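What follows is one structure encoded as structure tokens, with my remarks underneath.
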Amino acid sequence: MPELPEVETTRRGITPHIQDRRITGVVVRQARLRWPVPRQLGQKTTGQKIRSVLRRGKYLLLQLDAGTVILHLGMSGSLRLVPWDTPADKHDHVDIQLDNKRSLRLHDPRRFGAVLWTSREISQHKLFKHLGPEPLTDDFTGAYLHALSRKRKCNVKSLIMNAGIVVGVGNIYACEALFLAGIRPGLAADKLSRPRCEKLVAGIKAVLQQAIAAGGTTLRDFTDGDGKPGYFKQQLQVYDREGQDCHRCGQTIKRVTSANRSTYYCPHCQK
DNA sequence: ACGAAGCCCTGCAAGC
DNA sequence: TGCTTGCAGGGCTTCG
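All you need for my numbering is the position in the first sequence, starting with 1, plus 476.
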């Protein structure tokens, strides 16, 4: 399930292969993704050069001259570069064909992903207008999080998974960051002290950076291989470890359901 | 304005 | 063994 580190790893992997290439066509085999793939996607993009490949939260942005292709991998999506005539497998929904006889191919079994087009400034787009800061920038600080958490009745895990507060923190890394910070996921957001906010922000940055570093060393070439990472799993401290020993204190990791999401924590290390 | 629940979808695991 | 059921997940959307 692609979270921010996987999306960033994908961005870095595909960029050298697609930047400054011209789009020669688009093939849509399945338009019913998270939102319908726009019918005009092909005519809007064909003939244009990909100027840059950006990321905002978990969205990938292909910057063209006349607008932006917005990509999201949902939870089962992946991108690969293939020779343009490679037969499509099941769930290979969209190809963006390039002038180097290759296609950027979206594979997404669960179809929670998205391919959209906008000719407007990306920050004006509905999906991006209300997003919080990027977690790995200096805009995301303990002071900022502390200020926004005042008078909030939600728990701290929901707080950091709220894209209006900070983007790109999904279920797995929310659990991991809370473990690093020693904070219980169910704690009310407005009970978080300023120093604990500092610690939490540091935890979020650390876990994301770690995962990006791990992805960077594992996924070397996006033009071959099956594109299945799964590289970070061995480093997880609490996620998906219900009933197992805490790596830090040896006590048993617990799982609770919060906001319909599995939440893992160590009752001894997290208060 | 906020927070909680619902929904989209398929693959896989567990249970019968 | 073959079916059915439940669960997982991001995150927008709807409802309260």
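Backbone N, C-alpha and C fix where the C-beta goes; we use that ideal spot for every residue, glycine too. Bear in mind that the values here come from a model prediction, so they are computed numbers and not experimental data.
Residues that DSSP places opposite residue i in a beta bridge
i              : result
tryptophan 593 : Val545
lysine 675     : DSSP output for lysine 675 lists no bridge partner at all.
serine 539     : According to the sequence shown, residue 539 is glutamine rather than serine. In the DSSP output, where bridge partners are listed per residue, glutamine 539 has Ser528 and Thr544.
serine 738     : Thr733
isoleucine 499 : Leu574
alanine 664    : Asn631
arginine 556   : Arg581
aspartate 721  : Thr728
arginine 508   : Pro512
aspartate 568  : His583
Option nearest residue i by Cα separation, candidates the options
i              : options                           : result
glycine 550    : Ala678, Arg510 and Leu592         : Arg510
isoleucine 546 : Pro478, Asp614 and Val529         : Val529
arginine 670   : Asp568, Thr617 and Leu612         : Thr617
lysine 605     : Arg532, Arg672 and Lys667         : Arg532
leucine 612    : Leu592, Val645, Cys630 and Arg626 : Val645
aspartate 575  : Tyr715, Ala542, Thr521 and Leu656 : Thr521
valine 632     : Ser552, Phe655 and Asp614         : Phe655
Straight-line gap, residue i to residue j (C-alpha atoms, nearest Å)
i              : j              : result
alanine 637    : leucine 536    : It should be pointed out that residue 637 corresponds to methionine in this sequence rather than to alanine. Using only the alpha carbons, I get a separation of about 19 Å.
serine 579     : isoleucine 572 : 5 Å
aspartate 565  : threonine 739  : 34 Å
cysteine 742   : alanine 665    : 19 Å
glutamine 600  : glutamate 718  : 42 Å
tryptophan 560 : leucine 517    : 18 Å
cysteine 722   : lysine 667     : 25 Å
valine 683     : glutamate 482  : 13 Å
arginine 488   : glutamine 539  : 15 Å
arginine 672   : leucine 624    : 14 Å
threonine 728  : histidine 548  : 36 Å
tyrosine 649   : glutamine 720  : 18 Å
glycine 726    : glutamate 652  : 16 Å
glutamine 524  : serine 734     : 45 Å
Cβ neighbour criterion (16 or more within 10 Å) applied to residue i
i              : result
glutamine 746  : buried
arginine 556   : buried
glutamate 479  : buried
aspartate 568  : buried
valine 642     : buried
proline 661    : buried
asparagine 762 : No answer is possible for residue 762: the residues shown for the chain start at 477 and end at 747.
arginine 724   : exposed
alanine 689    : exposed
isoleucine 490 : buried
The ligand HEM heavy atom lying under 7 Å from the CB of residue i
i           : result
leucine 555 : The ligand content of the structure shown is nil, which means the ligand HEM is not present either.
Handout entry: Sequence ranges, beta strand (DSSP E) only - wholly within the region 573 to 639, length at least 3
Key = 578 to 583 and 590 to 594
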